[in-house]
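A.B. asks: Quick note on the numbering used here: the sequence shown kicks off at 62 and runs consecutively.
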Amino acid sequence: MLAASPLVILSFVGSPPPLSWTAHRRACATMHLPETDLQQPEFSQSPAPEWKRTNGGLKFRVMTQGSGATPEGDDVVTVHYTVSLESGEQLGTSRGRWPLTFALGKQHVPVFDDAVKSMRVGSTIRLVIPASKVPRVQSSNVPKDQEGEPVIAEIELMEIRKGLSAVLPSLLPPGSRRIVILRTLFLLSFVPYFFPDHIKPDFYKFGDPVAIQQAHNAAQNSVWLGGAAKSLDSLFH
Numbered sequence: 062m063l064a065a066s067p068l069v070i071l072s073f074v075g076s077p078p079p080l081s082w083t084a085h086r087r088a089c090a091t092m093h094l095p096e097t098d099l100q101q102p103e104f105s106q107s108p109a110p111e112w113k114r115t116n117g118g119l120k121f122r123v124m125t126q127g128s129g130a131t132p133e134g135d136d137v138v139t140v141h142y143t144v145s146l147e148s149g150e151q152l153g154t155s156r157g158r159w160p161l162t163f164a165l166g167k168q169h170v171p172v173f174d175d176a177v178k179s180m181r182v183g184s185t186i187r188l189v190i191p192a193s194k195v196p197r198v199q200s201s202n203v204p205k206d207q208e209g210e211p212v213i214a215e216i217e218l219m220e221i222r223k224g225l226s227a228v229l230p231s232l233l234p235p236g237s238r239r240i241v242i243l244r245t246l247f248l249l250s251f252v253p254y255f256f257p258d259h260i261k262p263d264f265y266k267f268g269d270p271v272a273i274q275q276a277h278n279a280a281q282n283s284v285w286l287g288g289a290a291k292s293l294d295s296l297f298h
């Protein structure tokens, strides 16, 4: 049998695999060589979102940046929220049920107004509310052993309401409950005839009683109605 030449053998063996950083250090330590031939790998990490300040001075981070409009004035907005302690203990959330719909400047939780006015539709922020800024109507919802600690509110701005769906939340006073909304809906069944044409539904323009009744039935279970019926006085529940 003919002996294989060294070149043939090397063609199968090839170059040895590169050493890992750990193996390289061990080899250098055994042979008392300086660790200069192999650079330690560098791992880059995405920087955490920077902290910003609302117009009212509250700290917040943009977790998801939306591209929609920014609310202003007394706009009616729809949000999802989760309120928790720094430890992660949850105090309240709208997730898994109706989102919250309210008119800016017409409720008792000014920190929400302050936060939402700095957001775009589609954005989610994490807001730090110092104990001194927790609304008085909410302070009783914070556990006694956690009093004095800040709370964290994660807020998603889902929509800025326009037209007919924005009328009722903008008219109701703070703290209005569902029973008030249902009674007001009954009264509003007569009002749309007097609304401006740009927010008056077509079926009201033409006086279709069947369509009007169907609209009433749908409104009683609608998302905006459920949101508007949620009182901000019980936000942390």
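Backbone N, C-alpha and C define an ideal beta-carbon position, used for all residues, glycine too.
Do you know how far the Cα of Pro108 is from the Cα of Gln168?
C.D. replies: As a working note, residue 168 is residue 107 in the sequence shown. As a working note, residue 108 is residue 47 in the sequence shown. Approximately 36 Å between the Cα atoms of the pair.
A.B. asks: Taking the C-alpha atoms as reference points, what is the distance between Thr139 and Lys178?
C.D. replies: Mapped onto the sequence shown, residue 139 falls at position 78. Mapped onto the sequence shown, residue 178 falls at position 117. Going by the C-alpha atoms only, they are around 12 Å apart.
A.B. asks: On the CB-based measure, 16 or more other CB atoms within 10 Å of its CB, does Glu217 come out buried or exposed?
C.D. replies: Numbered from its first residue, the sequence shown carries residue 217 at position 156. With 16 or more other Cβ atoms within 10 Å, it is buried.
A.B. asks: State the DSSP-derived secondary structure class of Val140, mapped to helix, strand or coil.
C.D. replies: Within the sequence shown, numbered from 1, the residue matching residue 140 stands at position 79. If DSSP states are grouped into helix, strand and coil, Val140 belongs with the strands.
A.B. asks: Report the residue from Gly118, Lys113 and Thr185 whose alpha carbon sits nearest the alpha carbon of Val172.
C.D. replies: The count along the sequence shown starts at 1 and reaches residue 172 at position 111. The shortest C-alpha separation from Val172 is found at Gly118.
A.B. asks: Using only alpha-carbon positions, find the residue among Arg156, Ala192, Arg158 and Met219 that is nearest to Lys120.
C.D. replies: One-based indexing of the sequence shown puts residue 120 at position 59. Answer by Cα proximity: Ala192.
A.B. asks: Going by DSSP, what residue range makes up the alpha helix (DSSP H) through Val177?
C.D. replies: If you number the sequence shown from 1, residue 177 lands on position 116. It spans Pro171 to Val177 - the alpha helix (DSSP H) in which Val177 sits, taken as one unbroken run.
A.B. asks: Rounded to a whole number of angstroms, what is the C-alpha to C-alpha distance between Gly153 and Ala214?
C.D. replies: By one-based count along the sequence shown, residue 153 stands at place 92. By one-based count along the sequence shown, residue 214 stands at place 153. Going by the C-alpha atoms only, they are around 9 Å apart.
A.B. asks: Please state the DSSP three-state secondary structure of Ser184.
C.D. replies: Working through the sequence shown from its first residue, we reach residue 184 at position 123. Ser184 falls in the coil class under three-state DSSP.
A.B. asks: For the beta strand (DSSP E) holding Thr154, just list the boundary residues, first then last.
C.D. replies: Here residue 154 corresponds to residue number 93 of the sequence shown, with the count starting at 1. That run of the beta strand (DSSP E) goes Gln151 to Thr154.
A.B. asks: Taking just the CA atoms, how far does Ala227 sit from Thr245?
C.D. replies: Reading the sequence shown from its first residue, position 184 is the one you call residue 245. Reading the sequence shown from its first residue, position 166 is the one you call residue 227. Residue placement at Thr245 is poorly supported in this model, since its pLDDT is 40, which falls under 50; the coordinates still yield a value, given next. Near 14 Å, if we compare the C-alpha coordinates of Ala227 and Thr245.
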